[in-house]
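Trainee: I'd like to ask you about the structure that follows.
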Amino acid sequence: MSQASAEATCHVGEERSKPRERTDAHRDPAVSTTRPAPPATDASPASSSPGTVGPAPADEPRRPLSADLGALRRRLRRQATRTRRLSQRQAARAAAAWRSSLQVRIGTITMLVAGTVVVIVSLVLFSQIRDQLLSVKELAAIDQVQTGVVYAQNEVAGIAAGDSASVRATLDRTVKQLKERGSPAGDFEVVMVYRTGDSERAPAVSQRGIYPAIPPELRADVASGGQYAQYAMVPDGSGQARPTYLVGAPVPTGAGSAERIELYYAFPLDQEAESLSLFRSTVVISGIALTLFVVGIALLVTRLVVDPVRRAAGIAQRLAEGQLEERMVVRGEDDLARLATSFNAMADSLQRQITQLESLSQLQQRFTSDVSHELRTPLTTVQMAADVLYESRADFPPHVARSAELMHTELDRFEALLTDLLEISRYDAGAAVLDWEPTDLGALVRRVAAGMSALAERHGCELTVSGPAQDVIAEVDARRVERILRNLVGNAIEHGTGQPVEITWAANRTAAAVTVRDHGVGLSAAEAQHVFDRFWRADPSRVRTVGGSGLGLSISLEDARLHGGWLQVWGQPGAGAQFRLTLPLAAGTDLTSSPLPLRPAVLRRPGGVR
Amino acid sequence: MVAVPPSAAQNGTSRGRVLVVDDDAALAEMLGIVLRREGYEPAFVSDGNRAVSAFQQTRPDIVLLDLMLPGRNGLQICQDIRTQSTVPIVMLTAKGDTLDVVQGLEAGADDYVTKPFKPVELVARVRAQLRRGETGQAESLSIGDVQIDVPAHQVTRDGVPIALTPLEFDLLVALARKPRQVFTRELLLEQVWGYRHAADTRLVNVHVQRLRAKIERDPEKPEIVLTVRGVGYKAGPP
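The listed protein sequences derive, respectively, from chains Z and L. Quick note: to get this note's numbering, add 69 to the position in the first sequence (first position is 1). Quick note: to get this note's numbering, add 532 to the position in the second sequence (first position is 1).
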């Protein structure tokens with residue numbers, strides 16, 4: 070309770086100050102030895118002595134102690150792990166709250182800062198007040214002692230040294246008199262000690278128990294002459310030790326005789342301790358209240374700012390989700406109102422632009438379908454007419470027959486180009502629809518290969534298909550995937566210069582891939598970059614037998630993208646090229662990797678079959 | 533105006549009468565030329581409002597119907613004809629989007645051809661559609677609790693007859709004849725529609741849906757026509 074007072078250094082006028090001695094009657098109650106949990110084993114009483122390891126007495130079967138200790142260790146470890154995990158989870162939760170909430174951050178910081186300031190101020194205040202209280206007490210005490218010394222001096226002047234009874238009586242009377250004097254220093258007890266040489270009589274005390282409690286160093290100092298003071302724990306009337314301010318002084322006894330008289334005053338510090346304790350609790354409570362109040366204000370102020378920001382965030386999110394009519398409410402003229410106004414202006418602009426783009430896209434779609442219909446009908450008629458002529462060309466003179474042939478083939482080309490163009494414009498307008506269905510990929514690949522076999526034969530290319538034995542079902546639009554593969558295989562046959570064309574397909578848990586490899590003239594890296602561009606051709610002089618429009622790879626790329634897949638190319642001049650189509654097995658999922666490599670593993674002359 | 537030109541077939545017999553409903557005169561005429569060359573007897577109508585009456589008048593064996601018509605819409609004409617007859621109807625359309633195709637097929641068409649088309653293709657489809665009517669031996673099949681009497685073209689469940697179009701009937705019979713076999717869509721196109729070349733498999737999907745709607749107790753949980761994921765369809769257990 071009064072550890073604080075016991076710790077204060079005391080200054081006694083110009084006397085040498087004595088550091089207080091830490092009383093060893095105190096035991097720090099804070100540290101308690103943790104006793105290990107009693108082992109939950111059913112150890113029989115006979116094996117209670119620690120360290121008994123080994124065979125138990127034959128009449129009773131019991132577990133050896135090492136097993137018990139092991140079990141105990143395991144339990145403690147499990148408990149420790151559990152506690153650690155729990156605290157980790159709490160820490161993670163706290164960190165998340167810190168990151169996500171401005172209020173939490175500001176509140177915590179304010180609390181820490183305010184708390185620290187309040188604590189420092191209280192400590193300073195507290196120690197100031199305590200020092201002040203004690204120094205007032207000390208001064209009054211010393212004053213009292215000095216008056217007492219003077220009085221005692223008078224009283225003991227007439228002591229007859231030899232007469233112990235009168236000495237005793239004088240001492241007792243003096244002590245009693247001194248005690249009965251009031252004092253601004255409060256309550257006190259008096260002790261007078263009479264020494265002759267080295268022997269000492271029983272002291273005169275106004276209260277029993279004080280004299281033994283006077284520390285020896287004080288006694289020694291006072292005995293050597295001079296007034297000394299010290300704080301000590303001294304028992305009171307009921308025997309309880311209380312912090313006390315002890316002042317001791319020698320009483321001059323006239324001619325330097327062998328007798329010495331020492332006067333000790335003990336000033337209990339009850340009142341001071343009580344005042345200090347009251348003061349401390351007041352300071353603590355008001356400190357806490359003040360801190361909480363400051364934190365509350367900080368949170369309130371933060372709310373004033375955070376609330377509009379949160380509202381803005383909510384509105385922005387709704388805007389992003391497509392509700393273009395959302396706007397913030399503008400109130401007043403401050404910064405927040407300016408924020409709201411600019412936000413609304415931005416939202417207006419966005420809404421306008423998006424609506425514009427949407428209508429443009431709709432226009433484009435309508436144009437596409439209108440053009441589509443309008444162009445197709447006359448084209449159908451023309452193609453049919455050309456076909457009729459073509460079929461009767463044997464009946465025509467050679468130049469007419471040849472004209473019929475050219476017209477027939479070029480109209481085919483025209484039709485293919487028109488279809489491709491319309492398809493591309495659908496992608497551009499965002500009107501392409503993915504019609505996916507669970508499809509057997511192996512069957513699809515084989516079907517395409519079978520369909521292209523006639524073309525391959527015409528070019529003298531050997532077409533091989535290799536893939537896993539088990540069925541792979543992928544959610545794809547079969548029409549589009551077939552179109553892609555037909556385009557890739559057609560290109561490979563056309564550019565393959567008679568070398569074999571290898572189609573390989575494979576699948577892993579998330580994706581499927583098809584590669585089409587040819588060993589023709591190949592592509593350089595620069596050409597590979599452009600190969601998917603619209604109307605781009607590697608060699609413009611190349612003969613077109615496959616009826617390409619220059620849009621085949623662009624359409625294939627868009628088809629692959631529509632599935633969320635990849636279409637990539639590797640090429641090397643002179644070593645051919647490999648196109649790889651990768652598609653996710655489940656529609657709508659993202660691709661992260663492909664089951665087949667883009668670069669062919671072995672660059673070798675064809676002739677070896679995989 | 534309905535024009536029914538005299539039969540131009542070489543040996544006096546025509547392979548069938550075809551009603552061409554299209555508002556583009558040039559295309560209609562071209563179609564006529566092509567069809568006549570193949571031995572069919574074309575009849576033409578160019579106005580949607582007169583299509584149904586023309587149908588009743590000419591009694592064709594097959595109808596080629598354009599969707600974009602002045603007057604009555606092609607889909608509506610299709611529905612109207614369907615209420616009166618099970619004659620094969622082939623849609624001609626410039627729009628190839630799935631939505632349009634499905635709409636047309638659900639209105640009652642048996643097939644659709646997108647413009648531009650090759651005459652060879654069109655003729656092949658017409659021929660296949662006309663051929664479908666022929667069947668042969670007496671046989672009686674069953675899937676689940678549905679009985680199929682092939683020569684009588686009758687399908688009954690617990691004695692209650694179920695009305696199917698000839699195409700739907702053929703589809704069901706093809707599946708029922710080989711109960712354990714899984715038919716790919718391409719195979720069905722070949723067997724039921726008679727198309728040997730790669731045609732649009734959406735045809736099969738839509739017709740299976742229509743068949744299921746008529747014949748299954750719960751079309752969402754089919755027991756008669758089962759889907760084999762990624763491959764095609766097969767018949768339920770007999």
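From the three backbone atoms N, C-alpha and C, an ideal C-beta is built for every residue, glycine too. It should be emphasised that the depicted structure is a prediction, and the values quoted were computed from it without experimental measurement.
I need the straight-line Cα distance from GLN661/L to GLU653/L, nearest angstrom please.
Mentor: Looking at the two C-alpha atoms, the distance is approximately 12 angstroms.
Trainee: Are the beta-carbon atoms belonging to THR265/Z and GLU328/Z less than 8 angstroms from one another?
Mentor: Yes, Cβ-Cβ distance for THR265/Z and GLU328/Z is below 8 angstroms.
Trainee: Find the residues of chain Z that neighbour PHE649/L, judging by a C-beta separation of less than 9 angstroms, and give them in chain order.
Mentor: The contacting residues are THR449, GLN452 and MET453.
Trainee: Keeping to the same chain, check which residues put their C-beta closer than 8 angstroms to that of LEU194/Z; ignore five residues upstream and five downstream.
Mentor: The answer, listed in chain order, is VAL352.
Trainee: Taking the C-alpha atoms as reference points, what is the distance between MET180/Z and THR371/Z?
Mentor: C-alpha separation (whole angstroms): 14 angstroms.
Trainee: Of all Cβ atoms in chain L, is any one closer than 8 angstroms to the Cβ of THR446/Z?
Mentor: At least one chain L Cβ lies under 8 angstroms of THR446/Z.
Trainee: Using three-state DSSP, classify VAL552/L as helix, strand or coil.
Mentor: DSSP places VAL552/L in strand when its eight states are reduced to three.
Trainee: Using a Cβ-Cβ cutoff of less than 8 angstroms, which residues in the same chain neighbour ALA163/Z once the five nearest sequence positions on both sides are dropped?
Mentor: Excluding positions up to five away in sequence, the list is empty.
Trainee: If you follow the alpha helix (DSSP H) that PHE348/Z is part of, which residue opens it and which one closes it?
Mentor: PHE348/Z -> alpha helix (DSSP H) spans 339-389.
Trainee: Along the region 562-582 of chain L, where does the CB come closer than 8 angstroms to a CB of chain Z? Name the residues.
Mentor: Answer in chain order: MET562, LEU563, ILE565, VAL566 and ARG569.
Trainee: Where do the ends of the alpha helix (DSSP H) carrying SER672/L lie?
Mentor: Not the alpha helix (DSSP H): SER672/L falls in the beta strand (DSSP E), residues 672-675.
Trainee: Name, going along the chain, the residues of the region 754-765 of chain L whose beta-carbon falls closer than 7 angstroms to a beta-carbon of chain Z.
Mentor: Listed in sequence order: ARG761, GLY762 and VAL763.
Trainee: Under 8 angstroms, Cβ to Cβ, is there at least one residue of chain Z near ASP643/L?
Mentor: No - not a single Cβ of chain Z is within 8 angstroms of the one on ASP643/L.
Trainee: For ILE330/Z, count neighbouring C-beta atoms within 10 Å of its own C-beta (all shown protein chains included) and say buried if the count is 16 or more, exposed if not.
Mentor: Its Cβ being crowded by 16 or more others within 10 Å, ILE330/Z is buried.
Trainee: Between the alpha carbons of GLN647/Z and THR478/Z, how many angstroms are there, rounded?
Mentor: Spanning the two alpha carbons is a distance of roughly 30 angstroms.
Trainee: CB-CB under 8 angstroms to LYS248/Z, same chain, minus the five flanking residues each way: which ones, in chain order?
Mentor: Taken in chain order, the residues that qualify are PHE257, GLU258, VAL259 and SER275.
Trainee: Going by alpha carbons, who is nearest to ALA543/Z out of GLY559/Z, ALA525/Z, ASP403/Z and GLU506/Z?
Mentor: Looking at the Cα atoms, GLU506/Z is the closest of the given residues.
Trainee: Can you list, in chain order, the stretches of the beta strand (DSSP E) that have 3 or more residues and sit fully within the region 561-642 of chain L?
Mentor: You should have 573-577, 594-598 and 621-625.
Trainee: Spell out whether any CB of chain Z is found under 8 angstroms from the CB atom of ALA626/L.
Mentor: For ALA626/L, the answer is yes, since a Cβ of chain Z falls inside 8 angstroms of its Cβ.
Trainee: Do you know offhand how far ASP97/Z's Cα is from SER307/Z's?
Mentor: Any reading at ASP97/Z must be qualified, since the residue scores a pLDDT of 40, below 50, and its modelled position is unreliable; no value is offered.
Trainee: In the structure shown, what three-state DSSP assignment does LYS647/L receive?
Mentor: Coil.
Trainee: Go through the region 467-532 of chain Z residue by residue and report every complete run of the alpha helix (DSSP H) that reaches 4 residues or more, in order.
Mentor: Segments of the alpha helix (DSSP H) lying fully in the region 467-532 of chain Z: 467-497 and 510-528.
Trainee: Taking only runs that begin and end inside the region 522-583 of chain Z, name each unbroken alpha helix (DSSP H) of 4 or more residues, in chain order.
Mentor: Correct list: 547-564.
Trainee: In its own chain, which residues sit with a C-beta less than 6 angstroms from the C-beta of ARG668/Z, not counting the 5 before and 5 after it?
Mentor: Counting only Cβ-Cβ distances below 6 angstroms, and skipping sequence neighbours, we find TRP639.
Trainee: Measure the CB-CB distance between ARG555/Z and GLY645/Z and report whether it falls below 8 angstroms.
Mentor: No, Cβ-Cβ distance for ARG555/Z and GLY645/Z is not below 8 angstroms.
Trainee: Tell me, to the nearest whole angstrom, how far the beta carbon of ASP546/Z is from that of ASP504/Z; I am working on the premise that it is less than 8 angstroms.
Mentor: That belief holds up - the Cβ atoms of ASP546/Z and ASP504/Z are roughly 5 angstroms apart, short of 8 angstroms.
Trainee: Measuring CA to CA, which of CYS530/Z, VAL244/Z and GLN299/Z is closest to TYR263/Z?
Mentor: It is VAL244/Z.
Trainee: GLU45/Z touches chain L at which residues, Cβ-Cβ below 9 angstroms?
Mentor: A question about residue 45/Z goes unanswered here, because the residues of chain Z that appear run from 70 up to 679.
Trainee: Can you tell me whether ARG250/Z is helix, strand or coil according to DSSP?
Mentor: The answer is coil: DSSP assigns ARG250/Z none of H, G, I, E or B.
Trainee: Distance check for ALA560/L and ARG445/Z, CA to CA, integer angstroms please.
Mentor: Using only the alpha carbons, I get a separation of about 14 angstroms.
Trainee: Check whether chain Z comes within 8 angstroms of GLN542/L, counting only Cβ atoms and requiring the distance to be less than that.
Mentor: Residue placement at GLN542/L is poorly supported in this model, since its pLDDT is 43, which falls under 50; the coordinates are not used for a value here.
Trainee: Can MET476/Z be considered in contact with the ligand FAD, in the sense that its beta carbon sits closer than 7 angstroms to one or more heavy atoms?
Mentor: Looking at this structure, you won't find the ligand FAD or any other ligand, since it has none at all.
Trainee: Helix or strand or just coil, what does DSSP make of TYR727/L?
Mentor: TYR727/L: coil per DSSP, three-state reduction.
Trainee: Use the C-beta contact count for GLN431/Z: other C-beta atoms within 10 angstroms, 16 or more gives buried, fewer gives exposed.
Mentor: When all chains shown are included, GLN431/Z counts as exposed.
Trainee: Is it the case that the Cβ atoms of GLU443/Z and ALA416/Z are separated by a distance below 8 angstroms?
Mentor: The answer is no: Cβ separation not under 8 angstroms.
Trainee: Does the beta-carbon distance from VAL541/Z to ALA594/Z come in below 8 angstroms?
Mentor: Result no, Cβ atoms of VAL541/Z and ALA594/Z do not sit closer than 8 angstroms.
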